[in-house]
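Asker: Here the sequence shown is numbered in our numbering, starting from 289 and rising by one per residue.
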Amino acid sequence: TNTTRRSRRGLVERLRGYGFEVDPAEVFTSVMAGVRLLRERGIQRVAPFVAKETLEDFGEFELLGGTSAAPAAAAAPPAAVVIGDLGDRWTPALLNQAFRCVLDGALLIALQKDRYWLGRTGLELDAGPYVAAIEYATGRASVVCGKPSAGFYLGALADLGVTTPGAAAMVGDDLWADVGGAQHAGLRGWLVRTGKFREDVLAQSGVKPDRILDSVVGLVRAA
Numbered sequence: 289t290n291t292t293r294r295s296r297r298g299l300v301e302r303l304r305g306y307g308f309e310v311d312p313a314e315v316f317t318s319v320m321a322g323v324r325l326l327r328e329r330g331i332q333r334v335a336p337f338v339a340k341e342t343l344e345d346f347g348e349f350e351l352l353g354g355t356s357a358a359p360a361a362a363a364a365p366p367a368a369v370v371i372g373d374l375g376d377r378w379t380p381a382l383l384n385q386a387f388r389c390v391l392d393g394a395l396l397i398a399l400q401k402d403r404y405w406l407g408r409t410g411l412e413l414d415a416g417p418y419v420a421a422i423e424y425a426t427g428r429a430s431v432v433c434g435k436p437s438a439g440f441y442l443g444a445l446a447d448l449g450v451t452t453p454g455a456a457a458m459v460g461d462d463l464w465a466d467v468g469g470a471q472h473a474g475l476r477g478w479l480v481r482t483g484k485f486r487e488d489v490l491a492q493s494g495v496k497p498d499r500i501l502d503s504v505v506g507l508v509r510a511a
């Protein structure tokens, strides 16, 4: 999942609340992909721009500024800026802080780069537009950890023991992150006409799903 407003623990608790018997190891999140990237690159000083609950997943790192409780330290600037979905918690001050850190040399890490998602009152901007703003202002590209990066999909398949991407299908309502991203990684991309699906967006996207389902109920027949 590209959900970054909840920690892995929070997602597991929510799924269990719905009656699903889920083990934390079965939940592959873009947040955990970001943690893995930081470990691989040996980065310790991190400026997190993520939801408060999600901060617990970054407990092994030295957090500086951003949405953490620790102030930014000029003497020891962050080596990476990590961006997730903050929704209406984004402020000009936070954006400028992230911008300055990247401009000063911090690696820009996007936990995901979705364009928008379906909130309670309608479609809302996701993390992608904010990442794009910082990329544009600094002239530096982000490293994307979650969907639509191929690494995210292949990492999830590896955790499941699946060695042939074409034997797996990604089912989702996001044309670019779910369908297009999966297809780019060698999986099949199946689109559902629920959630944030819009017929006009499908027609203009240039993305061609391998299957289109009215809902996840259609998975039974598709299988």
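Beta carbons: idealized from backbone N, C-alpha and C, even for Gly.
Kindly identify the DSSP beta-bridge partner or partners of L275.
Answerer: A question about residue 275 goes unanswered here, because the residues of the chain that appear run from 289 up to 511.
Asker: Would you report the Cα separation of W478 and V467, rounded to the nearest angstrom?
Answerer: To locate residue 478, count along the sequence shown from 1; it is residue 190. To locate residue 467, count along the sequence shown from 1; it is residue 179. Looking at the two C-alpha atoms, the distance is approximately 6 Å.
Asker: Exposed or buried, Y424, counting other C-beta atoms within 10 Å across all chains shown (16 or more means buried)?
Answerer: Mapped onto the sequence shown, residue 424 falls at position 136. It counts as exposed.
Asker: Enumerate, from N- to C-terminal direction, the unbroken beta strand (DSSP E) stretches of 3 or more residues contained entirely within the region 371–438.
Answerer: As far as the region 371–438 is concerned, its whole beta strand (DSSP E) runs of at least 3 residues are 395–398, 404–407 and 410–413.
Asker: Taking only the alpha-carbon atoms, compute the straight-line gap between G443 and D345 and give it to the nearest angstrom.
Answerer: Locating residue 443 in the sequence shown gives position 155, counting from the first residue. Locating residue 345 in the sequence shown gives position 57, counting from the first residue. Rounded to whole angstroms, G443 to D345 spans 18 Å at the Cα level.
Asker: Helix, strand or coil for F308, going by three-state DSSP, please let me know.
Answerer: Numbered from 1 along the sequence shown, position 20 holds the residue referred to as residue 308. Looking at F308 - three-state DSSP - the assignment turns out to be coil, as it is neither helix nor strand.
Asker: How big is the Cα-Cα spacing for V508 and D392?
Answerer: On the sequence shown, residue 508 is found 220 positions in, with the first residue counted as 1. On the sequence shown, residue 392 is found 104 positions in, with the first residue counted as 1. Taking the straight line joining both Cα atoms gives about 51 Å.
Asker: In three-state DSSP terms, what is E487?
Answerer: Position 199 of the sequence shown, counted from the start, is the residue given in the question as residue 487. Of the three classes helix, strand and coil, the one that applies to E487 here is helix, per DSSP.
Asker: Since V369 and F337 should fall inside the 8 Å C-beta cutoff, what is the C-beta to C-beta distance between them, to a whole number of angstroms?
Answerer: The residue you call residue 369 lines up with position 81 of the sequence shown. The residue you call residue 337 lines up with position 49 of the sequence shown. Right, the Cβ-Cβ distance comes to about 7 Å (below 8 Å), so this counts as a contact.
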